[in-house]
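Working notes, beginning with the structure itself.
There are 2 protein chains.
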Amino acid sequence: MKKMSKNGTINNMYDSLGDENMDSTVVKSDLDIALESEMKKIDEIATTLQLEDDEIEYYGKYKAKLSLSILDRLHTKPDGKLILVTSINPTPAGEGKSTVTVGLAQAFHQIGKKAIVALREPSLGPTMGVKGGATGGGYSQVVPMDDINLHFTGDIHAITTANNALAALLDNHIQQGNELQIDPRKITWKRVVDLNDRALRKIVIGLGGPTQGVPREDGFDITVASEIMAVLCLASSLDDLKVRLKRIVVAYTIHNEPVTVGDLGVEGALTLLLRDAIKPNLVQTLEHTPAIIHGGPFANIAHGCNSVIATKMAAKLGDYVITEAGFGADLGGEKFLNIKTRAANLSPNAVVIVATIRALKMHGGVNKAELKSENVQALTDGICNLEKHIDTINQFNVPVVVAINKFLTDTENEVNFIKEWCKERGVEVVLTEVWEKGGLGGIELAETISRLVEEPAKPFEYIYDLEDSIEDKIIKIAQKVYGAKDVQFSAKAIKQMNDFENYGWSNLPICMAKTQYSLSDQPKLLGRPEGFTIEIRELKASIGAGFIVALTGNVLTMPGLPKEPVALNMDVDSKGNAIGLF
Amino acid sequence: MKKMSKNGTINNMYDSLGDENMDSTVVKSDLDIALESEMKKIDEIATTLQLEDDEIEYYGKYKAKLSLSILDRLHTKPDGKLILVTSINPTPAGEGKSTVTVGLAQAFHQIGKKAIVALREPSLGPTMGVKGGATGGGYSQVVPMDDINLHFTGDIHAITTANNALAALLDNHIQQGNELQIDPRKITWKRVVDLNDRALRKIVIGLGGPTQGVPREDGFDITVASEIMAVLCLASSLDDLKVRLKRIVVAYTIHNEPVTVGDLGVEGALTLLLRDAIKPNLVQTLEHTPAIIHGGPFANIAHGCNSVIATKMAAKLGDYVITEAGFGADLGGEKFLNIKTRAANLSPNAVVIVATIRALKMHGGVNKAELKSENVQALTDGICNLEKHIDTINQFNVPVVVAINKFLTDTENEVNFIKEWCKERGVEVVLTEVWEKGGLGGIELAETISRLVEEPAKPFEYIYDLEDSIEDKIIKIAQKVYGAKDVQFSAKAIKQMNDFENYGWSNLPICMAKTQYSLSDQPKLLGRPEGFTIEIRELKASIGAGFIVALTGNVLTMPGLPKEPVALNMDVDSKGNAIGLF
Numbered sequence: 114m115k116k117m118s119k120n121g122t123i124n125n126m127y128d129s130l131g132d133e134n135m136d137s138t139v140v141k142s143d144l145d146i147a148l149e150s151e152m153k154k155i156d157e158i159a160t161t162l163q164l165e166d167d168e169i170e171y172y173g174k175y176k177a178k179l180s181l182s183i184l185d186r187l188h189t190k191p192d193g194k195l196i197l198v199t200s201i202n203p204t205p206a207g208e209g210k211s212t213v214t215v216g217l218a219q220a221f222h223q224i225g226k227k228a229i230v231a232l233r234e235p236s237l238g239p240t241m242g243v244k245g246g247a248t249g250g251g252y253s254q255v256v257p258m259d260d261i262n263l264h265f266t267g268d269i270h271a272i273t274t275a276n277n278a279l280a281a282l283l284d285n286h287i288q289q290g291n292e293l294q295i296d297p298r299k300i301t302w303k304r305v306v307d308l309n310d311r312a313l314r315k316i317v318i319g320l321g322g323p324t325q326g327v328p329r330e331d332g333f334d335i336t337v338a339s340e341i342m343a344v345l346c347l348a349s350s351l352d353d354l355k356v357r358l359k360r361i362v363v364a365y366t367i368h369n370e371p372v373t374v375g376d377l378g379v380e381g382a383l384t385l386l387l388r389d390a391i392k393p394n395l396v397q398t399l400e401h402t403p404a405i406i407h408g409g410p411f412a413n414i415a416h417g418c419n420s421v422i423a424t425k426m427a428a429k430l431g432d433y434v435i436t437e438a439g440f441g442a443d444l445g446g447e448k449f450l451n452i453k454t455r456a457a458n459l460s461p462n463a464v465v466i467v468a469t470i471r472a473l474k475m476h477g478g479v480n481k482a483e484l485k486s487e488n489v490q491a492l493t494d495g496i497c498n499l500e501k502h503i504d505t506i507n508q509f510n511v512p513v514v515v516a517i518n519k520f521l522t523d524t525e526n527e528v529n530f531i532k533e534w535c536k537e538r539g540v541e542v543v544l545t546e547v548w549e550k551g552g553l554g555g556i557e558l559a560e561t562i563s564r565l566v567e568e569p570a571k572p573f574e575y576i577y578d579l580e581d582s583i584e585d586k587i588i589k590i591a592q593k594v595y596g597a598k599d600v601q602f603s604a605k606a607i608k609q610m611n612d613f614e615n616y617g618w619s620n621l622p623i624c625m626a627k628t629q630y631s632l633s634d635q636p637k638l639l640g641r642p643e644g645f646t647i648e649i650r651e652l653k654a655s656i657g658a659g660f661i662v663a664l665t666g667n668v669l670t671m672p673g674l675p676k677e678p679v680a681l682n683m684d685v686d687s688k689g690n691a692i693g694l695f
Numbered sequence: 114m115k116k117m118s119k120n121g122t123i124n125n126m127y128d129s130l131g132d133e134n135m136d137s138t139v140v141k142s143d144l145d146i147a148l149e150s151e152m153k154k155i156d157e158i159a160t161t162l163q164l165e166d167d168e169i170e171y172y173g174k175y176k177a178k179l180s181l182s183i184l185d186r187l188h189t190k191p192d193g194k195l196i197l198v199t200s201i202n203p204t205p206a207g208e209g210k211s212t213v214t215v216g217l218a219q220a221f222h223q224i225g226k227k228a229i230v231a232l233r234e235p236s237l238g239p240t241m242g243v244k245g246g247a248t249g250g251g252y253s254q255v256v257p258m259d260d261i262n263l264h265f266t267g268d269i270h271a272i273t274t275a276n277n278a279l280a281a282l283l284d285n286h287i288q289q290g291n292e293l294q295i296d297p298r299k300i301t302w303k304r305v306v307d308l309n310d311r312a313l314r315k316i317v318i319g320l321g322g323p324t325q326g327v328p329r330e331d332g333f334d335i336t337v338a339s340e341i342m343a344v345l346c347l348a349s350s351l352d353d354l355k356v357r358l359k360r361i362v363v364a365y366t367i368h369n370e371p372v373t374v375g376d377l378g379v380e381g382a383l384t385l386l387l388r389d390a391i392k393p394n395l396v397q398t399l400e401h402t403p404a405i406i407h408g409g410p411f412a413n414i415a416h417g418c419n420s421v422i423a424t425k426m427a428a429k430l431g432d433y434v435i436t437e438a439g440f441g442a443d444l445g446g447e448k449f450l451n452i453k454t455r456a457a458n459l460s461p462n463a464v465v466i467v468a469t470i471r472a473l474k475m476h477g478g479v480n481k482a483e484l485k486s487e488n489v490q491a492l493t494d495g496i497c498n499l500e501k502h503i504d505t506i507n508q509f510n511v512p513v514v515v516a517i518n519k520f521l522t523d524t525e526n527e528v529n530f531i532k533e534w535c536k537e538r539g540v541e542v543v544l545t546e547v548w549e550k551g552g553l554g555g556i557e558l559a560e561t562i563s564r565l566v567e568e569p570a571k572p573f574e575y576i577y578d579l580e581d582s583i584e585d586k587i588i589k590i591a592q593k594v595y596g597a598k599d600v601q602f603s604a605k606a607i608k609q610m611n612d613f614e615n616y617g618w619s620n621l622p623i624c625m626a627k628t629q630y631s632l633s634d635q636p637k638l639l640g641r642p643e644g645f646t647i648e649i650r651e652l653k654a655s656i657g658a659g660f661i662v663a664l665t666g667n668v669l670t671m672p673g674l675p676k677e678p679v680a681l682n683m684d685v686d687s688k689g690n691a692i693g694l695f
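So the sequence lines, in the order shown, correspond to chains A and B.
Adding 113 to a residue's 1-based position in the first sequence gives its number in the numbering used here.
Adding 113 to a residue's 1-based position in the second sequence gives its number in the numbering used here.
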């Protein structure tokens, strides 16, 4: 059911849903399962969280926005335990990280624990392109999945609007006399749409004469790659949002000085446009576990985690917060642990690494068509990918559990191999069947985590210090997280490191932009490559978000559509029921 | 408080709010008044309309979406009386048409009649540019005005998304082999943003090599100029929406055959993206009169009226429906009467023409700075503009009332002159003070209309027949509505009329695209120009909406921002309260 496009790097932006399970005996699509489920009215879910009337705003019957005042009311309440779900490097075989995240929250719920799942909002571009949805799968989904995958509560539209309003105001500043002396060749702020639209990657705007703007090169990113998305996800309050928006760098002057949103004087308007988008969204899982879905920055160009506000709120409202980060532990996971934890002033009590036997076999060199056959040798060859991610999380001093997301094609020998491999290394490992069985398929995982988080915690350790130079921070990530031998910086990147230091930006965390498919910067190097060099092509200053992006290889920030986009199958019946999302 | 930009033609897209009254003694802004008002929870408003639980979806506490099933439930209930509010040709002096529309609904409410006001949704571009809001003014506003003027319930964002998804799918079709043989030079579908962004008017996309699309000329319109907005506003059901979307013409092949959304196979996906946007939105006026705000097509390039579904639903739910059409009676008014009435199968029981003494003096040759002084001679010279619009409405056989929206600077002599002028011609005229007094300022107007709509109605007459040729339809509008001597068609327009006839499109109504400032196609010809020729530059086929657009002069479909956009004053406080909208 899942299609890979030629531009796989980008189209598989969110994580796979585990719907490859459908290959075998199950015939219902995720959408069928979701539409057949009986949702509770969202006010019933709110009641279980003991929310006050003024703290909730309904968006239809099954969605609501949560007021930021909840954080004030519960200020002194201790935080619930935070569990981060990440994965091995994703493969076309599918890992099902979101499915496990949702299923785990349902499992906690099943064993009587007050759990909340905190997820990212799906981007519409990939949904209409190759994915069809990003809300878990099977019997571990958040619902209403169709709404969540379409416009949801409008957060991403608000970000698109704020992003493009800023672009229009910037170009208008130049058109109306350019008092700030912005160099039109040095504008770094791009426009966005929340669609896969490759024809907008590189464009020329402002054509048609003096009343039509100033001609210049430009391009569109997908909305989830907008710095405003990252800013919204790292802000701790509406005031902090404004402060962050104000310091976003949008261009440089003819004297090479940074130009900020504050210089343009439009941080107020942008914050106003985002005043509802900053409020987390409450929905539910198929088993009525509360789900907070909020924010969804790209996991390559940005940090790939849901919002700080949502995570903090979930930690105040629940005893266990299950959240995920984009792509594998080397990308979203690392950024969660080095960037989001710093912005949110919280760290996870446990990390789950999701893997599938299928995917590990691909890391061991098997191609997708041959995954159904037992192949313990391939598993032996590919498990090094999992091994590296376990090593990485251990460096942060956080307890790790490996969750094997079971597929119907997995054989007993394969399962035993993994269990044995983990046992030998003292690694916790649990088999989960949450796609097929919902929360009941994840009870052992929930119980294992419950036990781990009660053990005495070691002090959380970062991979790098903020005071390290930009260069050192990048090298530490490359060596400690990717297992690289070395890092090579382009001439451009070296110049930028100097410039950024002069601008006073060197004490920010690093947001690596790298392919998700490999620990290296080369998508085809699966398993656990060694001796490789990471090439840093250029840097990007996300001063509003508060990080420096380091770009390796070709990281696309605007996906393309495949030959047969999912959109061709999407439809709606006379009563408004969605068709063709999966 | 209202600013006119250099591109006045386009920035005053929606109608003025009457806030020039603020010049004198009143110091509160519209936003202040709106924020100070005590709104009722929207479920209380829904209760007054006897809506059933399943028919309403809350969007926060003060906004709701109404289910289309209401139309089925009330299918056999007789329609309420429909009152169309239109105006003279707008001037920088301000007429306050939306203010009178809202005030009139409040006045009906005050005299115990069950009235509903049905308005268009404001576009964000002008709100951030020169307007600051489009929800009435003073004590005749719809609230929450800040929400309505910002993202509201996301309808316009859904239209932006559907419009741009179609563009992306179209360009992707070409990229992936161009099976339909689309000529990239003959693509008529443009992308949109709901912002004033002149730098996007004329662009080149698809640059950067073979993986980045096919290079071609393109451009962005403002969202409210999208044919999808017009389609949404003319559709009678979700199924009809899909039918209309399917027939939208987006391009022509290398053999000059039209290419439709249906040919691309994406009408299902587009309809799915619009399944919530098609539901009307319920809010309230400052006096708790129910207000249905839904759809907002451009009044020059499109037909400029709120949605057919909203108007029909209001007619089922209320005994009096007060609605408005964009710009003056020659533009939005004419299109309401020739286009919307046909699509909706309803016609108004009365038409209100709003005028101000200030505006009529401008039509008489006075410039804006001198409007405060009494000038009966200018009024005598300018009243011909009002006279023409009265004549026009009379041709449709609908009762007319002139509403003089009173300003503090109006003198007794000026008021008496107008009253006398109307009396001599047997024209109903009423002075309204709804900006300052709310519904109480419009009671005489409401009572006059109550009386008129009970009188025996003459049969409604269209200005042209659908079977007339495209040429004849345009000539009839120009002569009967504008008072033109003649119509001149460009060579391009003549060729298009032939082509369109060959494509089978000649029996559609005409949507004139003309400046709103003059009865002619020359913005500076105020008053009641005579002997002029209307020049038809080109035609545009809006086959989904179901009309042929005839473009006169330079009609911009993407506004620009002024030197000091309203956005510079927009802000939000720590608690989320809007600042700087007015």
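Cβ atoms here follow ideal geometry from the backbone N, Cα and C, with glycine treated the same way.
This structure is a prediction, so every number in the text was calculated from the model and none was measured.
Through-space distance from residue j to residue i, alpha-carbon basis
| i | j | result |
| --- | --- | --- |
| B:Leu521 | B:Thr161 | 35 Å |
| B:Gln629 | B:Pro203 | 7 Å |
| B:Asp310 | B:Glu677 | 14 Å |
| B:Tyr595 | B:Thr665 | 13 Å |
| A:Lys532 | A:Gly554 | 17 Å |
| B:Met625 | B:Arg650 | 11 Å |
| B:Ala680 | B:Met241 | 5 Å |
Contacts of residue i in chain B (Cβ-Cβ under 7 Å)
| i | result |
| --- | --- |
| A:Met241 | Ala278, Ala382 |
| A:Arg388 | Val685, Gly689 |
Residue environment, residue i, which counts as buried when at least 16 other CB atoms sit within 10 Å
| i | result |
| --- | --- |
| A:Arg233 | buried |
| B:Gly251 | buried |
| A:Ala482 | exposed |
| A:Thr336 | buried |
| A:Ala604 | exposed |
Own chain residues within Cβ distance below 8 Å of residue i, not counting five before or after
| i | result |
| --- | --- |
| A:Leu377 | Leu279, Leu282, Leu283, His286, Leu293, Val363 |
Residues near residue i in its chain [Cβ-Cβ closer than 7 Å; skip 5 each side]
| i | result |
| --- | --- |
| A:Ala159 | Ile169, Ala177, Leu395 |
| A:Lys190 | Lys429 |
| B:Tyr365 | Asp296, Lys299, Pro371, Val372 |
6 Å Cβ shell around residue i - same chain, five flanking residues per side excluded
| i | result |
| --- | --- |
| A:Cys418 | Ala438, Phe449, Lys453 |
| B:Arg304 | Asn277, Ala280, Phe333 |
| A:Ala658 | Glu340, Ala343, Val344, Leu347 |
Amino acids of chain A, ordered along the chain, whose beta-carbon sits closer than 8 Å to that of residue i
| i | result |
| --- | --- |
| B:Gln325 | Arg311, Ala312, Arg314, Lys315 |
9 Å Cβ cut-off: residues of chain A touching residue i
| i | result |
| --- | --- |
| B:Val344 | Near B:Val344 there are no residues of chain A at all, since even the closest Cβ is about 15 Å away, more than 9 Å. |
Under 8 Å from the C-beta of residue i: neighbouring residues of chain B
| i | result |
| --- | --- |
| A:Val337 | Those do not exist, as A:Val337 stays about 14 Å from chain B at its closest Cβ, beyond 8 Å. |
Chain-ordered chain A contacts of residue i [CB-CB under 7 Å]
| i | result |
| --- | --- |
| B:Lys676 | Gln289 |
Inside the stretch 136 to 176 of chain B only - beta strand (DSSP E) runs reaching at least 3 residues
169 to 171
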